[in-house]
Each structure stands twice: as structure tokens, then as C-alpha cells.
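Counting from -9, one number per residue, gives the positions in the sequence shown under this note's numbering.
Okay, so here's the structure we're looking at.
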Amino acid sequence: TGPRAMIPSVIECPVTNKIVPVFESNDPELLRHRLALFVHKLYVRCLLVNPKERRVVVVENILAASLLKNTIATVLFRHFEVVSVAFVPSHLVCLFTLGIGTAVVIDIGYNEISVIPVYEGVPVLNAWQALPLGAKAIQQNLYELLQERGSIIAGSGNEEPLKPHHCKQTQILQDIVVRCCFVSTPERSERLHINKQDRSNEPPPPPPQIIMPLSGAEALKMPGTIRELAAEILFETDADNLCLPNMILDAIVNCPIDIRHPVAGNLVLTGGTSGMLGLKKRLLQELRSLAASPAYTKHMAPPVFAMHALPVKENIAAWLGGCILGSSEGGLVPRSITREQYVAACKTNTPLPDWSSLAHNLLPDRDTSATA
């Protein structure tokens, strides 16, 4: 099972003819224009369906900007006149693929890592954690390592120092990360960091070096050490003493005391970066070691960590969860906004229903006017 196509969220600007990202704009009109072009491309070139005949499920970041959510609704309802739209949180629908309702969902995306515990189908928002780490941070770390240790093999066969323009393109860095990089073991990582601080200490034997063609005349020579150092930024603490394992443990500690161990025993990794070779094993090792430290044993006894294996690749887990929800009328219809409801809400300036707001998550038969 897989999607019909995976489309990068970029479009060709009709004015400049340059490739621009769809969502990286705070201008409402520009964002609306880009979204309209992007959704039109999805319907016309990929789906080949009439948008007026289909319901839409939008799998979103639960704490995404309201501007983006409102603009998506405007484009779908006003430009394409869809039947209904359902906004669902990505961390929650990922669990639909496993048939469970309790877990800590770790989404390792391009710009950031976000961690949200979910208990019995309810996201625990006060335990939310996020850091600007992910594929973008790994690529930036890789670029700096290449500038320091990499080299270029020219067409003549001579080895020359690497220049900034050789690997500055995001596509090249992304290709290197996906094809060549991996997450090292804690023991090798410790020895590498000791060697980095004091070169007199012998580093571990490096992995094989890589020679990667860049153009018809040049090739990139990358030492094996770079391949395992690029992803170490996920496990290096910042000024606030935070890294990927700390985020997960902090999210668990911020949960109510009676659900900490159940959520810790159900870890779910999603996002494209979480498929990196060696990441899951290293993360479990770091969690077990860190949970036994005094900083966390004063809050809870070291839990038994376990990680679920998703039935699909990590980067399409949220898509599959959205498909499962979309195929069930009983779960989709109550959470959907019809076009008539949207038009009526616009006339009264009523905001769109929000998963993170209790005002939009009351039971249908609850009398809000009743007093205790």
C-alpha cells in the first residue's frame, strides 16, 4: 500500500519562473495564490478527479499557524468547492495505522522534531515538546563537516579543497544524507567526540569513504567519519540541555503520573528523517541510559521502552492514517466541515474548529449551559 504520487510542496512562480516553496510565506494573499496553484496541480495532474465530488482530509500539524489552516480551507472551499474538509492532527492519525490509542509520537521532519504523547486517542498537549532539529539541521551539520574535512577530485585527477559552492545546494546535501549517512552507536559516538576535542586520542576505525560524482568533471571525496558524524546533532544537547532523547523523556515526565509508563512502552517514530539507518536502535539505547540518571529517576522509575514497527515507511505513516480515517464514514463525517457550514461561519467570523481547543471538542449531547 502506498500513495499514488509523492509531490514536493513547491511550485513554479508564473512571474519569475523560479521554483518556490508553497508554505514559506506569511503574506495571506501570496500564500493563497501558491496554495491554489499547488492544489490545482494535485487535482489535475495526479488525482484526475472532480474536487466537487470528493471529501478532503487534511493531515496537519496540531499546533500549526492558524493562517495556514484558514488559507487551506479558503482555497478548498472557495476555489475548488469541495464537499467537506476534515482537519486531523498528524500525531494522532499515525496511531490508526497500528490500531492503538496510546503512544508517544515522535515526528522527525525537515524543519523540526515534535513530540506529543497520546493517551486513549487524546493528545496530551501540555506535554508537547519541539526543537528546530531534523533533516535541515543534519544537512547543515553535514555541510560544515564537508567544508572542514571533505575534498574535490577534479577532472585532472588532482585532489583539491572543497569550495562553498560545491555542496551548497539542498538537493545535493539531501542526496548525501539519504544515500551515505547513518547513526552511529553510543560507544563510537563517545570516542569520536573525545577525538574531536583531543586529537591525541585514537578515534574508532572509520567507515569506508565515499566518492560521489557531482558533475561530469568533478567528484566529492567524503571521509567515512563524516557519514556517522552528520546525524550526531540529534543527540548533542543545546544550551538548554535538550536533544532528541531529552525531549522524549521530558514529554513523558510532563504527562500525568499514571500514564507515564503506558506511553513510554509505546514509542512511534514518524517523518522521513526517522527512517535513517541506525536511528531507532541508538534512540532506545540513549533513552534507557538517560532514564536511569538522577534527573529522571526522581520523577519516575526507569520505564520499559518499546518501539512500534509501522506497516509502511515512516514518511507516509500520517498519509495512511488519514486514508484510514477517510474510508470510515462514522469517523470522518462528525469531524468534517461542510461547505455550507464554512460559508455560514465566514458570515459570522466564527473560527474553524480546532483540535487543540476544548471549545470545539465537547460531547454532542452536553448541555454547556448547565451549572454544577
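Note that CB positions come from ideal geometry on N, CA and C, so glycine has one too.
Alpha carbon of K8 to alpha carbon of R24, nearest angstrom: The alpha-carbon of K8 is positioned some 13 Å away from that of R24.
Rounded to whole angstroms, what's the CA-CA distance from V253 to P79? Just pull it up for me. Roughly 18 Å between the two C-alpha positions.
Local Cβ density within 10 Å of I128, reported as buried at 16 or more and exposed below that: Residue environment for I128: buried (at least 16 other C-beta atoms within 10 angstroms of its C-beta).
Rounded separation between L32 and A26 - CA only: The alpha-carbon atoms of L32 and A26 are separated by roughly 10 Å.
Could you check which residue in A207, F67, Q164 and R217 has the C-alpha nearest to that of L182? Looking at A207, F67, Q164 and R217, the one whose alpha-carbon comes closest to that of L182 is R217.
Spatial neighbours of S264 in its chain, beta-carbon cut-off 6 Å, leaving aside the 5 residues before and after: Within the same chain, S264 has close Cβ partners I98 and E304.
If contacts are defined as beta-carbon pairs under 8 Å, then L58 and L135 qualify, I think. What distance do you get, rounded to the angstrom? No, L58 and L135 are not in contact; Cβ-Cβ is about 34 Å, not under 8 Å.
Does the distance from the C-beta atom of K270 to that of M237 stay below 8 Å? By the CB criterion at 8 Å, K270 and M237 fall outside the cutoff.
Would you identify the three-state DSSP class for I306, choosing helix, strand or coil? Taken through DSSP and simplified to helix, strand or coil, I306 comes out as helix.
Which term fits C364, buried or exposed, when burial requires 16 or more other beta carbons within 10 angstroms of its beta carbon? Beyond the ends of the chain as shown, which are -9 and 362, falls residue 364; an answer cannot be given.
Proximity test, Cβ basis, 8 Å: I142 and chain B: In the structure shown, chain B does not exist; there is a single protein chain.
By Cβ distance, which residues of its chain are closer than 8 Å to I306, with the 5 residues on each side in sequence left out? G(-8), P(-7) and M(-4).
Quick check: what's the CA-CA separation for P4 versus V49? Going by C-alpha positions, P4 is about 28 Å away from V49.
Under a Cβ-count criterion, where at least 16 other Cβ atoms within 10 Å of its own Cβ denotes burial, should C36 be classed as buried or exposed? C36 comes out exposed.
Beta carbon of M172, beta carbon of G261: below 8 Å? The question names Met, yet the displayed sequence has Phe at residue 172. No, these two residues do not count as a Cβ contact at 8 Å.
In chain order, which continuous runs of the beta strand (DSSP E) of length 3 or greater are located wholly inside the region 86 to 118? Scanning the region 86 to 118 from its first residue to its last, the whole beta strand (DSSP E) runs of 3-plus residues come out as 93 to 98 and 103 to 109.
Using a threshold of 8 Å, state whether the C-beta atoms of L210 and H156 are closer than that. Between L210 and H156, the C-beta gap is smaller than 8 Å, which places the two residues in contact.
Below 8 Å on the Cβ atoms is my contact criterion, and I expect N244 with A117 to pass it. Report the Cβ-Cβ distance as a whole number of Å. Yes, they are in contact, since the Cβ atoms of N244 and A117 sit about 4 Å apart, within 8 Å.
Strand pairing of S141, partner residues [DSSP]: Beta-bridge pairing links S141 to P151 and K211.
With 16 as the cutoff for other CB atoms within 10 Å, does S279 come out buried or exposed? That one is exposed.
Hey, would you say N101 sits closer than 8 Å to L342, going by beta carbons? Taking 8 Å as the cut-off, the beta carbon of N101 is found no closer than this to the beta carbon of L342.
CA-to-CA distance, S141 to L132, given in whole angstroms: Taken atom to atom, the span from the alpha-carbon of L132 to that of S141 is near 13 Å.
Segments assigned beta strand (DSSP E), at least 3 residues, entirely inside the region 186 to 240: Considered as a whole, the region 186 to 240 harbours 200 to 203 and 209 to 212 as its complete beta strand (DSSP E) runs of no fewer than 3 residues, in chain order.
Where DSSP assigns a beta bridge to F77, which residues make up the other side? F77 pairs with V48.
With the cut-off set at 8 Å, would you say R272 and T175 are in Cβ contact? R272 places its beta carbon less than 8 Å from that of T175.
The alpha helix (DSSP H) enclosing I162, as first and last residue numbers: Counting along the chain, the alpha helix (DSSP H) containing I162 begins and ends at T160 to C170.
Using only the heavy atoms of the ligand HEM, determine whether one of them is closer than 7 Å to the beta carbon of I52. No copy of the ligand HEM occurs in the structure displayed, which carries no ligand at all.
Using the rule of at least 16 other Cβ atoms within 10 Å of the residue's Cβ for burial, across every protein chain shown, is N256 buried or exposed? Classification for N256: buried.
Do the CB positions of I143 and I201 come within less than 8 Å of each other? In terms of Cβ geometry, I143 and I201 form a close pair [threshold 8 Å].
Would you list, in sequence order, the uninterrupted alpha helix (DSSP H) runs of no fewer than 4 residues that lie entirely inside the region 269 to 315? Segments of the alpha helix (DSSP H) lying fully in the region 269 to 315: 269 to 281 and 284 to 287.
Just tell me which of V95, V73 and L38 has its CA closest to the CA of V83. Selected option, being the one with the closest Cα: V95.
Use the C-beta contact count for V105: other C-beta atoms within 10 angstroms, 16 or more gives buried, fewer gives exposed. The residue in question, V105, is buried, as its Cβ has 16 or more Cβ neighbours within 10 Å.
Hey, would you say R325 sits closer than 8 Å to E71, going by beta carbons? It is not a contact, given that the beta carbons lie outside the stated cut-off.
Between which residues of its own chain and L53 is the CB-CB distance below 6 Å, once the five residues before and five after are set aside? Nothing listed; no residue qualifies.
Given a cut-off of 8 Å, decide if I242 and T87 are closer than it, judged by their beta-carbon atoms. No, the Cβ-Cβ distance between T87 and I242 is not below 8 Å.
For V75 and V114, believed in contact at Cβ under 8 Å, the rounded distance: In fact, because the Cβ distance is near 26 Å, the residues do not count as touching under 8 Å.
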